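Comments concern the structure below.
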Amino acid sequence: MKLTKLTGSRQDPLFYCGCFAFALLLITPILGVPVSNNIFSTGLSEEASKGNSNSHLALGPFTGVFQSPDFYLIQRNSFKAMPPSGTIKPQVLATLSENEEDLTGDRSGIVEYIVKAGDTLSSIADQFGLSLETILWANNLTKNSTVTIGKKLVILPTSGTMHMVKAGETLGEIVKKYKGDLTQTISFNDLDNENQVFIGDIVVIPGGILPPKPVVAVKPTPGLAPTTAGYFLCPVSSPCRITQGLHWYNAIDFSHGKCGEPIYAAASGIVQRAKTTTLTSRWAFGGAGNHISISHPNNTTTFYGHLLSVVVNVGDQVSKGQVIAYMGGAPGTPGAGRSTGCHLHFGITGASNPFAR
């Protein structure tokens, strides 16, 4: 056999070494053989090795292309590194808001304002866009009255008056007394008709005017009637934990820090109102959110606000201790109303609140 003499570059042994190296590089990814960092440098740059947070990772050999250390190239896909999980903070229990921006915005409910240094009755009225008379009437004050730092004032959602419904009164009579408009009052208080008011309800009469006091001497209006010992049951499960003391109107807050707990009827009676909504507005039903009111045989009414769900209907006869609803109030949830956390707003009209401290 005649051998052909190699000519040109094929005479050079380095030619074959190069071919072998090239073939090795081609089959290495297929076989899954790890590539030495001496061939491909994918390590940290010098700055990264020194702990520089602005350092980058090289993406390939001699490419000069770098990538944020927050990302890593895996089979040509870039995955962002997951940060450590954040600390879970416990849910804040409900408190009376003193945030002026919160109180002075659009609202439909009655709120309390705590007097600060420099406040006057006129400046407070201006701050809330109300007439001075509205502030005076709601707080049983006169133009000569002064307010002290820390005093709580009742702030209506609009200029006008408010009235607590008494036995035998009709909404038409109440509105006429304060020279208001019946249709406007029904709409503002979210009523279906003028017959939907009950003893103990607090009605806002937009544009209403307080009538002059009669000249004849009248007996002073008695304060809240004392509560019969043991008449009212704590409306939440034991322990009966109070998270906010007495506030508008004659109410306190109960909470164990979580929603979904059962709410009990504080006494036997008839459900006169059971309101729910799917809205997440903080001013749903005047800020009370989902709520129930129950009329009791001793001429008192109990109010249960910020409910997650309601399990009774208007007209139902309920027994003392019967489950009537479940606790709500988680901000942003339907029917929570003006709330900063899971709690029950429990109010009483016609008697002192036995749980007030």
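Going by the numbering used here, the sequence shown opens with residue 2, and the numbers climb by one from there.
For every residue, glycine included, the Cβ atom is placed at its ideal position computed from N, Cα and C.
Fair warning: this is a prediction, and the values are worked out from it, not measured in the lab.
Collapsed DSSP secondary structure at residue i in the structure displayed
i    : result
T184 : helix
A218 : Note that A218 has pLDDT 45, beneath the 50 cutoff, so the model's placement of it is unreliable and no number is given.
V116 : coil
P62  : Only weak support is given to the placement of P62: the predicted model assigns it a pLDDT of 39, under 50, and the question is left unresolved by the model.
L234 : coil
L345 : strand
D254 : strand
G338 : coil
S146 : coil
V176 : helix
S353 : coil
G287 : helix
A275 : strand
T302 : strand
L211 : coil
S132 : coil
S294 : strand
R358 : coil
S123 : helix
L137 : helix
R77  : Confidence is the limiting factor: at R77 the pLDDT is only 40, short of 50, which leaves the residue's position unreliable, though a coordinate-based value still follows. Coil at R77, not helix or strand.
8 Å Cβ cutoff met for residue i and residue j
i    : j    : result
I349 : Q318 : no
A289 : G342 : no
I325 : I293 : yes
V116 : L154 : yes
Q273 : S310 : no
I156 : F189 : no
D320 : S269 : Note on residue identity: the sequence assigns Ser, not Asp, to residue 320. In contact: S320 and S269 (Cβ atoms closer than 8 Å).
G329 : H307 : yes
A275 : V315 : yes
I150 : A126 : no
S146 : L122 : yes
Nearest to residue i (by Cα), restricted to the options the options
i    : options                : result
G258 : T278, L154, K117, P240 : P240
S124 : G181, V148, F199, G306 : V148
F255 : C235, A268, Q273, S296 : C235
T303 : G351, T121, S340, V315 : G351
A139 : P158, G316, V312       : P158
L345 : G316, I264, I203       : I264
S340 : N291, Q323, P355, F356 : N291
R242 : R358, T121, G119       : R358
S238 : Q323, G336, K144       : Q323
E195 : N145, G151, V176       : V176
P332 : I150, V313, A285       : A285
L164 : I203, K144, D191       : The identity of residue 164 in the sequence shown is His, whereas the question assumes Leu. Out of I203, K144, D191, I203 has the C-alpha closest to the C-alpha of H164.
C260 : L131, F356, T334       : T334
E174 : D120, V198, D193, D191 : V198
V313 : T301, T277, G336       : T277
G110 : T301, E170, D191       : D191
T301 : L172, G336, A168, F356 : A168
K152 : D120, F347, D193       : D120
Assumed close pair residue i, residue j - CB separation to whole angstroms, cut-off 8 Å
i    : j    : result
P213 : G161 : About 17 Å separates the two Cβ atoms, so there is no contact after all.
V166 : G201 : 6 Å
E262 : Y305 : So it is not a contact: roughly 12 Å between Cβ atoms.
N299 : Y232 : 7 Å
Y179 : L142 : Rounded, the Cβ-Cβ distance is 18 Å, inconsistent with contact.
Cutoff 8 Å: residue i Cβ touching any chain B Cβ
i    : result
L308 : Checking the listed chains, one finds no chain B in this structure; it contains a single protein chain.
Point to revise | Contact between the stretch 246-254 and the stretch 270-288 (3+ Cβ pairs under 8 Å) | key: no
Practice item. Examine the Cβ distances between the stretch 124-137 and the stretch 176-191 and report whether three or more of them are shorter than 8 Å. Key: no
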